[in-house]
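Residues in the sequence shown are numbered consecutively from 1170, following the working numbering. The next block holds one structure in the form of structure tokens; read it before the comments.
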Amino acid sequence: MDAPLSLSEAAALDAEAVLARLGSSGDGLSPEAVATRRQATGPNAVRTHHAQPLAVLGRQFRSPLLLLLLATATVSFFVGERSDALIIGTIVGLSVGLGFLNELQAERAVEALHAQLRHRATVRRRGAWQSCDVTDLVPGDVIRVETGGIVPADIRILSASALECDESVLTGESLPVDKGAAPVAPATGLAELASCAFMGTLVRAGDGEGVVVATGAATEFGRIAMSLGERQEETEFQVGLRRFSVLLAAVAGVLTTAIFVINLVLARPLIDALLFSLAIAVGITPQLLPAVVATSLATGARRLAHRKVLVKRLVCIEDLGDTEILLTDKTGTLTEGAINLERACDATGATQGAEVGGGVVVLGLLCNEASVEGGAAVSGNALDVALWNDAGAAAKETARYQRVALAPFDHERRLTSVVVDGPDGRSLITKGAPEAVLDRCEAVTAAARRAIDAELAAGGRVIAVATRPAPGLAEVTPSDEKDLTLAGYLVFRDPPKASAGAALERLRSLGITAKVVTGDHPAVALKVCRDLGLQAPVALTGADIDALDDAALAARVSDVVVFARVSPEQKSRIIRAHQTLGRDVAYLGDGVNDAVALHRADIGISVDAATDVAKDAADIVLLEKDLGVLADGVVEGRRVFANTIKYVLMGTSSNFGNMFSAAAASAFLKFLPMLPSQILLNNLLYDTSQLTIPSDHVDEEQLARPSHWDISFIRRFMTFFGPISSLFDFLTFAVMLHVFHAGPRLFRSGWFVESLATQTLVIFVIRTRRVPFFRSTPSGALTIASVGVAVAGALVPLSPLAHGLGFAHPPFAYFGALLAMVVAYLGLAEVAKREFYRYQHGPVRPKRSHTDRRIERRAARFSHAGDIGA
């Protein structure tokens, strides 16, 4: 291959010259040339999803507190406090190590998920067309692009048939751009490169062949995406985590400053006061919260993968659990998706033999956009493919005709038209939605209209076919679709899916309202809904929606279950209307016309067999198009949130109580109530026990409805339960000072054991609103970890490490008092929990502005749309 060829240079050359410059030909590249070029250019992806251990490790040091602790430990080492410096460094290292291992596990889970999401391209190599992964494309490859596909690389078009590309992702221009193979004069802007198509753009109409000029980050889209970096919009889950972190930072700042000032006033050594204050700040912060969240999400992702649900971003799992409204298409979701031609009827409604020359089936085969090889359809619109598969002897009749021109289907006209030459001369054939075809026909009888209406009411998918003579017509435009004669209609069947009724009922039990958004006729959609027990008295059509402004539409959508004959823009309006009412909306779609709606929804869901543009726009991909599978995903999202909240509520309340106790004790004791290294060890052991929370069982009532972040609820919980923890800390202080007459070492030993035991074991109370163990059983892993850490904490002051850690051996009588205090604390916490929840409703967040979320989503999707095949 010669030196790299720019798009502007390629656009100015003819096709043969471009192929020569790229060292290719019309037959494509050889496998040997492909391998050599792939090694030089790398994969055809803007960015990849490989887990990067060094990057994960670096993220563990983003906490300023950790960095300050390490710096202070270094200072301690050089001023002679080497044992303290070593202990603090070891504990911080273990904390970082635990976070690193768990986050790396989550990163590898994402990598495994993305490995299952692949896009394919049709490429010619050594003269034969074949399918390959888009990441394997290299400059010089000859590829085919078709309606509904995403252009997988920057290409110079070699041949085109009515090819139009939507380049809004690059230019912001909403109108599609005509593409052709003719060279153009040297150009300076993308809009002038009419003979080129760009990576990440959508083929809106037509098809064509092109040669790859640039791949990956070298493409026009790649350069833009890389300049934007790795920006992604925050999900609701991440917003909640960020607000929670702000709350903790504020509390930690107040306590740390107060403790530092108190210790300075009491004339304690500066380094001791600083270390103690920093340790308190770290102690109140759930250091392993990112690890717990990452583990929860990774665990959820693995569970969902087993249930055939793949998430493109782990944090979307929790947002899936927030779903309140599910807008779904009909075909393949509520129906079997196995469309069959049932019969063909003439204009009077009489069944017509498929073998009759010029019959409705033959006309339908001629006016057809399916890709046909060897007399069989291999791809295309589902109805067109079904027609070819079921046409029988009528397929042979098409050999008598020659197509002259095509006006492809679009969602505004809902029609396809062709000009053909046949035994009776040149004619125009139009096929599409019955109402659209009948409006363009002359003298349609009332009997024909009644026959079509009866088929629709019975749930049949009806395609009307009309024709007229067209002598001299060489091109076909929408203005030519007039003065037609109805030839008849085709009736297809797609029966309701046997499992759909149960899946809809399960979604209802989860508090999710399922609604149907379809391009099909309202009568067909209503019939399917009735068959599945979905109450849908009326349908709102696209024409109805156009007659309503946004406020009126928002007032209507609450009572509507079926939206029929809707365009892509109308789907977006339907989603926005529900969001205006404060509802979280998921949208399930798989077609080109679903891309806008998938972008607009809070959670976009597609399927593995969907068009590339739908899969790219989606947040979640279902390997099986089944609402039952989706319900599993919703439950898993709620499970992840419920377990995360357990850690947050327990950590904030018990940590706040313990640190508040430390602040109070430092004011009246003549010594530090606990050494900095002891606080960090306590925090490390405590957090370690909580890494098993992602495995915990979740009560059914926590899965029955969406639960969201509410920082004010967390703040109330912290200030309500924190003082209860402090009450038993003060009781421990009294026992150690007045019963055991403890000095600094023994005092610290007693409080270390008590604080670790109470804050670790209280998880059994806080994890459920039910009675612990009797009506809600924790997972075995959580039970073993929590009890094990409490026992380990009790053994530390008795171990050979006690002296080096600044502990003394507590008298055995103390452990009897400890057991009584732990039991009393857990009992009081259970009583307090009941009182607290009597007046509280749990974590339900205030809604974010959907306008803000839409802006963030579009910005993020703009930087991600080039992530093809990665």
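Even glycine gets a Cβ: it sits at the ideal position worked out from N, Cα and C.
For residue i, which residues of its own chain have a beta-carbon under 8 Å away from its beta-carbon, when the five flanking residues on both sides are left out?
i: G1641; result: R1595
i: V1529; result: A1513, C1514, D1515, Q1521, V1634, A1656, G1657, Y1658, L1659
i: R1207; result: D1305, V1307
i: M1819; result: Q1859, Q1928, V1931, I1932, I1935, R1936
i: P1665; result: L1503, T1504, E1505, V1697, D1700, L1701
i: D1498; result: V1685, V1686, T1687, L1757, G1758, D1759, G1760, D1763
Cutting at 6 Å between CB atoms, please list the residues of its own chain near residue i, excluding the five before and the five after it.
i: G1296; result: D1196
i: S1881; result: none
i: F1445; result: L1841, P1845
i: D1441; result: none
i: A1683; result: L1495, L1673, L1676
Is the CB-CB distance between residue i and residue j below 8 Å?
i: L1653; j: E1611; result: yes
i: D1785; j: C1485; result: no
i: L1535; j: I1744; result: no
i: R1630; j: D1663; result: yes
i: W1920; j: M1843; result: yes
i: A1331; j: A1374; result: yes
i: V1588; j: L1597; result: yes
i: Y2006; j: R1938; result: yes
i: A1977; j: L1925; result: no
i: I1883; j: K1815; result: no
i: D1335; j: T1370; result: yes
i: V1372; j: V1303; result: no
i: S1741; j: A1766; result: yes
i: V1380; j: V1320; result: no
i: L1987; j: V1922; result: yes
i: V1478; j: D1753; result: no
i: L1850; j: L1974; result: yes
i: G1385; j: N1213; result: yes
i: V1541; j: L1625; result: no
i: L1483; j: A1470; result: yes
Can you name, in chain order, every residue of its own chain whose Cβ lies under 7 Å from the Cβ of residue i, other than the five neighbours on each side?
i: A1836; result: I1431
i: Q1299; result: V1292
i: A1834; result: P1842, F1902
i: D1183; result: P1352
i: P1200; result: R1294
Put residue i into one of helix, strand or coil per three-state DSSP.
i: P1638; result: strand
i: P2015; result: Reliability fails at P2015, whose pLDDT of 41 lies under 50, so the model's placement of it is uncertain and the value that follows must be treated cautiously. In this structure, P2015 counts as coil in the three-state DSSP scheme.
i: K2040; result: Outside the modelled stretch of the chain, which goes from 1170 to 2039, sits residue 2040, for which no answer is possible.
i: F1886; result: helix
i: F1837; result: helix
i: L1679; result: coil
i: Q1299; result: strand
i: E2004; result: helix
i: S1199; result: coil
i: P1321; result: coil
i: V1867; result: coil
i: R1190; result: helix
i: V1776; result: strand
i: T1517; result: coil
i: A1507; result: coil
i: T1291; result: strand
i: P1665; result: strand
How would you write the range of the beta strand (DSSP E) that residue i sits in, first residue to last?
i: V1729; result: Premise fails: V1729 is in no beta strand (DSSP E) and is neither H nor E.
i: A1386; result: Segment: none, A1386 is in no beta strand (DSSP E) and carries neither H nor E.
i: T1654; result: 1654-1662
i: G1591; result: 1584-1591
i: L1575; result: 1571-1576
Please decide whether residue i counts as near chain D, where near means a Cβ-Cβ distance under 8 Å.
i: G1266; result: You won't find chain D in this structure, because it holds only one protein chain.
May I ask which residues mark the beginning and end of the alpha helix (DSSP H) holding residue i?
i: E1538; result: Counting along the chain, E1538 falls outside any alpha helix (DSSP H), and DSSP gives it neither H nor E.
i: N1851; result: 1845-1859
i: A1214; result: It is not in any alpha helix (DSSP H) - A1214 carries neither H nor E in the DSSP assignment.
i: D1559; result: 1551-1559
i: I1744; result: 1737-1749
Threshold first: 3 residues or longer. Then list the beta strand (DSSP E) segments lying entirely within the segment 1690-1723, N to C. Fully enclosed beta strand (DSSP E) runs of 3 or longer: 1708-1710.
As an exercise, report each continuous beta strand (DSSP E) stretch of at least 3 residues that is fully enclosed by the segment 1869-1952, in chain order. The qualifying runs do not exist here; there are none.
With a floor of 4 residues, list each alpha helix (DSSP H) that falls wholly inside the segment 1788-1825, ordered by position along the chain. Residue ranges of uninterrupted alpha helix (DSSP H) with 4 or more members are absent from the segment 1788-1825; none lies entirely inside it.
Could you pull out every unbroken alpha helix (DSSP H) segment of at least 4 residues lying fully inside the segment 1593-1651, listed in chain order? 1603-1607, 1615-1626, all fully within the segment 1593-1651.
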